[in-house]
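This report concerns only the one structure given below.
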Amino acid sequence: MIFVLKKWIGGLLMPLPFSLLLLLVSLLLLFFSRRQLLAKALALFSFIILFVFSLLPSAYHLAKPLERQYPPLLVAEQSLDYILVLGSSGINDKNLPITGQLSATALSRFSEALRLYYANPNAILVVSGSGFGDTKSHAQLLQTLALTFTIPEQRIIRLDSSKDTQQEAQQMSTLIQGKKAALVTSATHMPRAMALFRHYNQYPIAAPAMYIAKENTHSLPAYYYIPSAYQLYKSQVALHEYLGFLQQWLVRTLAD
Numbered sequence: 150m151i152f153v154l155k156k157w158i159g160g161l162l163m164p165l166p167f168s169l170l171l172l173l174v175s176l177l178l179l180f181f182s183r184r185q186l187l188a189k190a191l192a193l194f195s196f197i198i199l200f201v202f203s204l205l206p207s208a209y210h211l212a213k214p215l216e217r218q219y220p221p222l223l224v225a226e227q228s229l230d231y232i233l234v235l236g237s238s239g240i241n242d243k244n245l246p247i248t249g250q251l252s253a254t255a256l257s258r259f260s261e262a263l264r265l266y267y268a269n270p271n272a273i274l275v276v277s278g279s280g281f282g283d284t285k286s287h288a289q290l291l292q293t294l295a296l297t298f299t300i301p302e303q304r305i306i307r308l309d310s311s312k313d314t315q316q317e318a319q320q321m322s323t324l325i326q327g328k329k330a331a332l333v334t335s336a337t338h339m340p341r342a343m344a345l346f347r348h349y350n351q352y353p354i355a356a357p358a359m360y361i362a363k364e365n366t367h368s369l370p371a372y373y374y375i376p377s378a379y380q381l382y383k384s385q386v387a388l389h390e391y392l393g394f395l396q397q398w399l400v401r402t403l404a405d
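The opening position of the sequence shown corresponds to residue 150 in this note's numbering, with each subsequent residue numbered one higher.
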């Protein structure tokens with residue numbers, strides 16, 4: 150129940166649904182009340198939210214502080230005991246190949262894990278994620294993908310029950326117990342994930358993937374700065390992490 154509530158609240162606070170809710174309230178006030186000034190102010194605020202978070206500079210500056218906290222592993226780490234891959238999303242659509250069933254985020258994380266595995270063929274690959282009611286868990290989908298890359302089944306551990314990063318960190322920390330491990334997740338997600346592992350007294354090596362705030366060595370054409378759904382998506386990814394930090398802080402504060 151708490152998990153579902155957390156997903157609802159977090160989802161509604163993202164720029165698109167939040168601005169649409171504001172717009173709905175403004176329309177109700179505009180047509181069914183005398184508070185015309187408030188209605189117009191809410192409509193304007195809704196527009197500003199969508200406009201600002203749909204811009205490349207906004208998305209970039211939201212994501213960059215998260216992504217730069219842990220450097221990329223430009224050279225694959227050696228002598229790893231475990232490669233930990235945090236779950237993302239996917240749908241078990243049997244009409245599609247396994248690469249089509251997993252999200253771009255999941256594929257990016259897996260490709261980084263695969264790079265590390267080829268440098269550490271004796272390591273154990275740990276994949277995680279529940280299925281949220283799907284016929285296969287996210288961990289099962291990742292295992293299927295790993296097997297297509299000829300990773301031996303005995304070198305794969307599935308954690309099928311973890312629903313969020315906190316549960317993944319708890320289960321993986323129990324598993325690795327101080328062994329040398331690399332943690333693979335999205336670069337924006339890495340700071341929050343590492344903080345949760347530290348909470349369980351485990352200190353894996355950060356192996357970020359799926360960068361969305363990339364440095365450009367040349368000036369971009371002006372049309373790159375047109376508001377776009379992709380930039381709105383990147384802003385949402387970053388804001389999701391900031392809300393996750395806020396949620397962790399609230400949980401610790403209430404627990405004290």
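We treat Cβ as the ideally placed atom computed from N, Cα and C, and that holds for glycine. Every value quoted in this text rests on a predicted model; they were computed, and no experiment measured them.
In the DSSP assignment, find the unbroken beta strand (DSSP E) run with residue 355 in it and report its ends. From DSSP, the beta strand (DSSP E) with residue 355 extends over 354 to 358.
So what does residue 239 bridge to, in DSSP terms? In the DSSP output, where bridge partners are listed per residue, residue 239 has 251.
For residue 245, count neighbouring Cβ atoms within 10 angstroms of its own Cβ and tell me buried if that reaches 16, exposed if not. Classification for residue 245: exposed.
To the nearest angstrom, how far is the alpha carbon of residue 280 from that of residue 309? Their backbone Cα atoms lie some 8 Å apart in a straight line.
Beta carbon of residue 269, beta carbon of residue 303: below 8 Å? Cβ atoms of residue 269 and residue 303: not closer than 8 Å.
For residue 331, write down the residues that DSSP places opposite it in a beta bridge. Answer is 232, 354, bridged to residue 331.
What is the residue span of the alpha helix (DSSP H) that residue 153 lies within? Its alpha helix (DSSP H) spans residues 151 to 161.
Going by beta carbon distance, what residues of the same chain come within less than 8 Å of residue 373, once the five residues before and after it are set aside? Excluding five sequence positions before and after residue 373, the CB atoms of its chain that fall closer than 8 Å to its own CB belong to 205, given in chain order.
Extent of the continuous beta strand (DSSP E) run through residue 277: Per DSSP, residue 277 is one residue of the beta strand (DSSP E) stretching across 273 to 277.
To which residues does DSSP link residue 306 through a beta bridge? Under DSSP, the beta-bridge partners assigned to residue 306 are 275.
Taking the Cβ atom as the reference point for each residue, do residue 159 and residue 389 lie within a distance shorter than 8 Å? Annotated as proximal: residue 159 and residue 389, with beta-carbon spacing under 8 Å.
Quick check: residue 265 and residue 229, are their CB atoms within less than 8 Å of each other? In contact: residue 265 and residue 229 (Cβ atoms closer than 8 Å).
Measuring CB to CB, does residue 235 end up less than 8 Å from residue 217? Taking 8 Å as the cut-off, the Cβ atoms of residue 235 and residue 217 do not count as close.
Residue 208 to residue 368 span [Cα, whole Å]: For residue 208 and residue 368, the distance between alpha carbons rounds to 17 Å.
Return the CA-CA distance between residue 180 and residue 168, expressed in angstroms with no decimal places. Rounded to whole angstroms, the separation of the alpha carbons of residue 168 and residue 180 is 18 Å.
Does the Cβ of residue 152 have 16 or more other Cβ atoms within 10 Å, making it buried, or fewer, making it exposed? Exposed is the call here.
Spatial distance of residue 391 from residue 347 (CA atoms): The alpha-carbon atoms of residue 391 and residue 347 are separated by roughly 18 Å.
CB contact flag (residue 336, residue 307, <8 Å): Cβ atoms of residue 336 and residue 307: not closer than 8 Å.
Taking the CB atoms as reference points, tell me whether residue 384 and residue 233 lie closer together than 8 Å. Contact annotation: residue 384 and residue 233 have beta-carbon atoms that are not nearer than 8 Å.
Is the beta carbon of residue 342 less than 8 Å from the beta carbon of residue 334? Remark: C-beta atoms of residue 342 and residue 334 approach each other more closely than 8 Å.
Where residue 369 falls: helix, strand or coil (DSSP): Reduced to three states, the DSSP call for residue 369 is coil.
Does residue 202 pass the burial test, meaning 16 or more other C-beta atoms within 10 Å, or should it be called exposed? Classified as buried, residue 202 has 16 or more neighbouring CB atoms from the shown chains inside 10 Å of its CB.
Please classify residue 289: does DSSP put it in a helix, a strand, or coil? In this structure, residue 289 counts as helix in the three-state DSSP scheme.
Pairwise C-alpha distance: residue 164 and residue 381: Their backbone Cα atoms lie some 8 Å apart in a straight line.
Leaving out five residues before and five after residue 213 in sequence, what residues of the same chain have Cβ atoms less than 8 Å from its Cβ? If you ignore the 5 residues before and after residue 213, its C-beta comes within less than 8 Å of the C-beta of 362, all in its own chain and listed in chain order.
Around the Cβ of residue 393, are there at least 16 other Cβ atoms within 10 angstroms (buried) or fewer (exposed)? Per the 10 Å Cβ criterion, buried.
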